[in-house]
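Visitor: The structure follows.
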């Protein structure tokens with residue numbers, strides 16, 4: 056998580072990553088909390104395009 060200091064206040068902004076779906080070609084951003092696990096070592100995010108729904112390995 057990226058922390059930005061402004062005076063006495065500290066704002067926390069989530070770290071964003073960018074990925075491109077190999078099937079539909081859309082480019083999207085995701086956060087760490089969007090990463091899902093399947094099995095022991097398989098991590099993926101789902102394509103946000105509802106007609107695609109592809110699991111993209113992270």
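In the numbering used here, the protein residues as written are 56 to 113.
By construction, the Cβ of each residue, glycine as well, lies at the ideal position given by its N, Cα and C atoms.
1) Quick one, which of 94, 78, 92 and 98 has its alpha-carbon nearest residue 108's?
2) Going by other Cβ atoms of all chains shown within 10 Å of its Cβ, with 16 needed for buried, is residue 102 buried or exposed?
3) Using a Cβ-Cβ cut-off of 6 Å (strictly less than) and excluding sequence neighbours within five positions of residue 112, which residues of its own chain qualify?
4) In whole angstroms, what is the alpha-carbon distance linking residue 73 and residue 96?
Guide: From the atom records:
1) Per the Cα distances, 78.
2) So residue 102 counts as buried.
3) 99, listed in sequence order.
4) The straight-line gap from Cα to Cα measures roughly 21 Å.
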